[in-house]
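For reference, the structure is listed below as structure tokens.
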């Protein structure tokens, strides 16, 4: 059996892009001096890359530009969930979260949620291997370890207190 490397390469690229998303978002927040201005820029990027990439892909595959109601609704639902994810990630960082803490939770949680949705969708057709629950526990533990032990800068040192001038001595 030969395994295609294409899906693995694309999955690794996705991990790279999404893994750098949080730190780059933090940089944007710093330069824009706002937690929500980057979200507008993210929306513009989604619009440009999402529509442009979709159209290019459709042209490459010679797809028609006809959309079914249910297919379009599921696509809009997926886009809405992605946008809400970007917004809640913005809120996580706005409320004081650091990328090295937030991102492992986001991606460990995303894997877990995806698995649980599959369990729910396929529950009538299959049984759940108990090792899935071991994996879910492992993700929680590993996300906590990664978040805790990721190197980060120490807080800025406090400025030394100015030395007070000696109190004047009374003249006798």
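Numbering (the numbering used here), first residue to last: 100 to 271.
Positions of the beta carbon are idealized from the N, C-alpha and C atoms, including for glycine.
- In the DSSP assignment, residue 195 falls outside any alpha helix (DSSP H) and carries neither an H nor an E.
- Here the stretch 141-158 does not lie against the stretch 227-239, with fewer than 3 beta-carbon pairs under 8 Å apart.
- Ranking 185, 176 and 174 by CA distance to the CA of residue 123 puts 185 first.
- Listed in chain order, the non-local C-beta contacts of residue 197 below 8 Å within the same chain comprise 125 and 251, local neighbours out to five positions each way being set aside.
- In this structure, the beta-carbon distance from residue 238 to residue 210 falls below 7 Å.
- Counting only residues of its own chain and dropping the five nearest sequence neighbours on each side, residue 105 has no CB closer than 6 Å to any other CB.
- The DSSP assignment places 136-160 and 168-193 as complete runs of the alpha helix (DSSP H) inside the stretch 128-211, in order along the chain (cut-off: 4 residues).
- Annotated as proximal: residue 227 and residue 218, with beta-carbon spacing under 7 Å.
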